[in-house]
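For the sequence shown, our numbering begins at 116 and goes up steadily by one. Built from N, CA and C at the ideal position, the CB exists for glycine as well. The structure displayed is predicted, hence computed values, not measured ones. Have a look at the structure below before the remarks.
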Amino acid sequence: MKTSLKIKHFPLLIILLIGTLLFFKSNSVNNIPQEDPKSQTVLDKAITLSKLDTDNAISNLENIDELSGYTEYKKDYILAKLYEEKNDFNKAILIYEKLLDKNYPLKERVIFHYAYLNTRLGNDLVALKYFNRLIREFPYSHSVPQAKYYLAQTQLRLRFTKDALNTLSTLKSRYPKTQFGIATNYYLGENAYNNKRFKEALEYWREYLKLSPDGRFANEISVFFSRVKPYLKSDDYSLLGEVFFYKKDYAKAAKYYKIGNNIQKYYKLGYSLIRTGNNSEACNYLKEFAYHFPKSKHAKQALLFSSKSVPSFMKKSFWEKVEKDIPGLAYYALYKQAILEENDIRREHKLLNLIDSYPNTEFTLDAVWEIMWDKIKDRKYNEAGELGGKYFELSKDSSVNSKSDTRAKIGFWLGKICELKSEKVKAKEYYTVTANILFDNYYSFRAQNRLLALNGQKDFKWNVQTGSNVLNEDLWSIPSVVKYETAKKCFGVTVAELIRLQQYSEAIDLIGKSKSPSKKITAWLKALNSEYENSINISSSIISNYSLNQSSQMWRLAYPLHFWQYILNTSSRYKNVDPFLVCALIRQESKYDPYACSISNACGLMQLIIPTAKEISRELKVNVKSRDVLFDPQTNIVFGIHYLNGLIGELNNPLLAVAGYNAGPVAVKSWVSKFQENDMDFFVEKIPYDETRNYVKKVFSNYWTYLKLYNIKS
Numbered sequence: 116m117k118t119s120l121k122i123k124h125f126p127l128l129i130i131l132l133i134g135t136l137l138f139f140k141s142n143s144v145n146n147i148p149q150e151d152p153k154s155q156t157v158l159d160k161a162i163t164l165s166k167l168d169t170d171n172a173i174s175n176l177e178n179i180d181e182l183s184g185y186t187e188y189k190k191d192y193i194l195a196k197l198y199e200e201k202n203d204f205n206k207a208i209l210i211y212e213k214l215l216d217k218n219y220p221l222k223e224r225v226i227f228h229y230a231y232l233n234t235r236l237g238n239d240l241v242a243l244k245y246f247n248r249l250i251r252e253f254p255y256s257h258s259v260p261q262a263k264y265y266l267a268q269t270q271l272r273l274r275f276t277k278d279a280l281n282t283l284s285t286l287k288s289r290y291p292k293t294q295f296g297i298a299t300n301y302y303l304g305e306n307a308y309n310n311k312r313f314k315e316a317l318e319y320w321r322e323y324l325k326l327s328p329d330g331r332f333a334n335e336i337s338v339f340f341s342r343v344k345p346y347l348k349s350d351d352y353s354l355l356g357e358v359f360f361y362k363k364d365y366a367k368a369a370k371y372y373k374i375g376n377n378i379q380k381y382y383k384l385g386y387s388l389i390r391t392g393n394n395s396e397a398c399n400y401l402k403e404f405a406y407h408f409p410k411s412k413h414a415k416q417a418l419l420f421s422s423k424s425v426p427s428f429m430k431k432s433f434w435e436k437v438e439k440d441i442p443g444l445a446y447y448a449l450y451k452q453a454i455l456e457e458n459d460i461r462r463e464h465k466l467l468n469l470i471d472s473y474p475n476t477e478f479t480l481d482a483v484w485e486i487m488w489d490k491i492k493d494r495k496y497n498e499a500g501e502l503g504g505k506y507f508e509l510s511k512d513s514s515v516n517s518k519s520d521t522r523a524k525i526g527f528w529l530g531k532i533c534e535l536k537s538e539k540v541k542a543k544e545y546y547t548v549t550a551n552i553l554f555d556n557y558y559s560f561r562a563q564n565r566l567l568a569l570n571g572q573k574d575f576k577w578n579v580q581t582g583s584n585v586l587n588e589d590l591w592s593i594p595s596v597v598k599y600e601t602a603k604k605c606f607g608v609t610v611a612e613l614i615r616l617q618q619y620s621e622a623i624d625l626i627g628k629s630k631s632p633s634k635k636i637t638a639w640l641k642a643l644n645s646e647y648e649n650s651i652n653i654s655s656s657i658i659s660n661y662s663l664n665q666s667s668q669m670w671r672l673a674y675p676l677h678f679w680q681y682i683l684n685t686s687s688r689y690k691n692v693d694p695f696l697v698c699a700l701i702r703q704e705s706k707y708d709p710y711a712c713s714i715s716n717a718c719g720l721m722q723l724i725i726p727t728a729k730e731i732s733r734e735l736k737v738n739v740k741s742r743d744v745l746f747d748p749q750t751n752i753v754f755g756i757h758y759l760n761g762l763i764g765e766l767n768n769p770l771l772a773v774a775g776y777n778a779g780p781v782a783v784k785s786w787v788s789k790f791q792e793n794d795m796d797f798f799v800e801k802i803p804y805d806e807t808r809n810y811v812k813k814v815f816s817n818y819w820t821y822l823k824l825y826n827i828k829s
């Protein structure tokens, strides 16, 4: 009887099972439901606007009622996130609660936020339940390390200490390189310290500082270190030096680096001493670093910094000693000796000696250029052309110099010499080659413009345009260099959906610093995480190493338009300011780091010093109480653009204004008066300050690159 009953109900069970499977397949956390493209567009625009104005975004999202299904679910998720950001936790938690049991790709994140907000509202037992639910239902997701981290904190607040330590130990062993796994070292160290197990505490804290010297708990750990000095080793002081170096507290960094006395840290020690005005002391550490690590990317910079602390009359002997003591950098020392030589004949002899002795170093063409430029100034065009032409041709297949800035410079001036000699056809040949050496190079751009002029068109020179120089869209977002399917494959559907919804910081929390499968994705993630300088540096390196053409989105990561809305709105108030020129300045000044601060205490995106800022504030009738206001992006952009506009008006030339932004208008006026130069190509090369001369070239190469990349007619 029982058997027949089972058989009788078996088909019904099969039907129920199939129905259940079909339901979960169509409503699965790993399945993206189909959406209406128009609804998606409406939501995407609302999300983009939310980056500018949270209150308006909330109002806008609440008034969107034509969405359905998964799109509606995503809208609610974003709405809850916005309420959470505004600390309106009660409204946020009600929305998350409504979404809790819907099986869509963001389910694990809904559970996390619901649990987390319960901790903020003091409901730790409820939070405990939902953190555990997330870990149980999504054991292999990227949310688990984060959930375990907050679970442990909740357990500690509830005084479930044994459970908390077990959770932390599991998190540390299973996810050691995630930010949450790294953070466990702080708590485990704190527990050991409180139980007077100081050596054990130090082991945890050392591991934290090695993995994350700029991490959230680095400062607290430095305080703990000061309490257990008898147990510290010399390497611990070097770790403390790293903490304060990343904090840009260079006085403390130098103090601890000196105690640690790790020769590998001498470059940072020397740099820290320079930033605190101790140049002569820095000199010895920097030379020592270069001596032991001549192949380091910092070796030549260390010597350059070191040489600046040497009196003028001793610089020659300084570089002679470098040549003798550091054979691996002898070519660099020879070049510096030649540049210092005041006697023209001896100078040329030393440069030729360098060229013959080291025919394929990064300074070989620099030596060629120095001789060539001396001859151009003396109007010895034939000699300049002969020397430059020889090495321009020889370097075309060089792995070091074929795509170098100096080769482009030589090529441009070979074309210029031909123009001065009325050799139009030959000039075109040099300009054509030079125009294609590098996409974002000052001389390649100048060569392109001279080609236009020689073909009966206009050389736009250093002019800027306003008004028409605007993107079709006034909103700009970080370009996606990674396809959705790639993100999904690398990080899972939840992270891919967060990125699609522009929830970048949340996605970064889940991916972690060590999870990127390629430099390309790292550059993108850095940009998403507002690490703009790192993103630009990595992107530029990738472009250079792989010779990517400008159609690659990596170029837009290397030349981004961060803070575009502020730049566009502010520059539109001034008739002489092109927003892309502002971007070019910012890229050169700070690489879009709002907290950048130079040796001369210039601050923020457009690197303003306090005296200039106070002068501008009086003109704008805005109060500046301290330099901290300059770290606000919008304020810095307003002040910087106002200053740039004033320079353009005062100097009546964008090129001179850019030079004035770096060297000051007084210096620029003196050069104009001294040189009496109508040909601005010559004027740029005659600028006596190396920093300003290179600055002008870089800003304009940035500017022209922006115009090309974003299809703006110049």
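Do residue 751 and residue 720 have their C-beta atoms within less than 7 Å of each other?
-> One thing to note: residue 751 has its Cβ within 7 Å of the Cβ of residue 720.
If you count every other CB in all the chains shown that lies within 10 Å of the CB of residue 299, and 16 or more means buried, which is it?
-> Buried is the call here.
Taking the C-alpha atoms as reference points, what is the distance between residue 811 and residue 774?
-> Whole-angstrom Cα-Cα distance: 6 Å.
Return the CA-CA distance between residue 550 and residue 516, expressed in angstroms with no decimal places.
-> 16 Å
What is the DSSP secondary structure of residue 852, counted as helix, strand or coil?
-> Residue 852 lies beyond the stretch modelled for the chain, which goes from 116 to 829, so this question has no answer here.
Residues in its own chain within less than 7 Å of residue 573 by CB, not counting five upstream and five downstream?
-> These residues qualify, in order along the chain: 567.
Please specify which runs of the beta strand (DSSP E), each continuous and at least 3 residues long, are wholly inside the segment 159 to 235, giving them in chain order.
-> none
Pull up the distance between the alpha-carbon of residue 617 and that of residue 186, whole angstroms please.
-> 14 Å
Selection from 152, 208, 635, 221 that minimises the alpha carbon distance to residue 610 | 221
By Cβ distance, which residues of its chain are closer than 6 Å to residue 503, with the 5 residues on each side in sequence left out?
-> 487, 525, 529
Looking only at its own chain, which residues have a Cβ that is under 7 Å from the Cβ of residue 518, when we skip the five neighbours before and after it?
-> 552, 553
Mind checking residue 794: buried by the 16 CB within 10 Å criterion, or exposed?
-> exposed
Between the C-alpha atoms of residue 223 and residue 479, what's the straight-line distance to the nearest angstrom?
-> 59 Å
So, helix, strand or coil for residue 249, using DSSP?
-> helix
According to the Cβ coordinates, are residue 705 and residue 722 closer than 7 Å?
-> yes
So, is residue 661 buried or exposed, given that buried needs 16 or more other C-beta atoms within 10 angstroms?
-> exposed
Are the CB atoms of residue 536 and residue 506 nearer to each other than 7 Å?
-> If you check the CB distance, residue 536 and residue 506 do not come in under 7 Å.
Label residue 384 either buried or exposed according to how many other C-beta atoms from any shown protein chain fall within 10 Å of its C-beta, with 16 as the threshold for buried.
-> Within a 10 Å sphere around the beta-carbon of residue 384 sit 16 or more other beta-carbons, which makes this residue buried.
Residues in its own chain within less than 8 Å of residue 184 by CB, not counting five upstream and five downstream?
-> 148, 150
Backbone CA spacing between residue 648 and residue 310 [nearest angstrom] = Residue 648 and residue 310: Cα-Cα distance of roughly 42 Å.
Taking the alpha-carbon positions, what's the residue 664 to residue 592 distance?
-> The straight-line gap from Cα to Cα measures roughly 21 Å.
Range of the contiguous alpha helix (DSSP H) that encloses residue 320 | 313 to 326
Return the CA-CA distance between residue 440 and residue 406, expressed in angstroms with no decimal places.
-> 7 Å
May I ask which residues mark the beginning and end of the alpha helix (DSSP H) holding residue 717?
-> Residue 717 -> no alpha helix (DSSP H), and no H or E assigned at all.
Can you grab the Cα-Cα spacing for the pair residue 564 / residue 656, in whole Å?
-> Roughly 27 Å separates the two Cα atoms.
In three-state terms, what does DSSP make of residue 688?
-> For residue 688, the three-state secondary structure derived from DSSP is coil.
Taking the alpha carbon of residue 823 as the point to measure from, which residue in 189, 156, 557 has its own alpha carbon closest?
-> Closest by alpha carbon: 557.
Nearest to residue 167 (by Cα), restricted to the options 709, 783, 375, 678 = 678
Assuming residue 156 and residue 197 make a contact with CB atoms under 8 Å, what is their CB distance in whole Å?
-> That belief does not hold up - the Cβ atoms of residue 156 and residue 197 are roughly 19 Å apart, past 8 Å.
Beta carbon of residue 293, beta carbon of residue 607: below 7 Å?
-> no
For the 8 Å Cβ check, are there 3 or more pairs between the segment 311 to 321 and the segment 346 to 353?
-> yes
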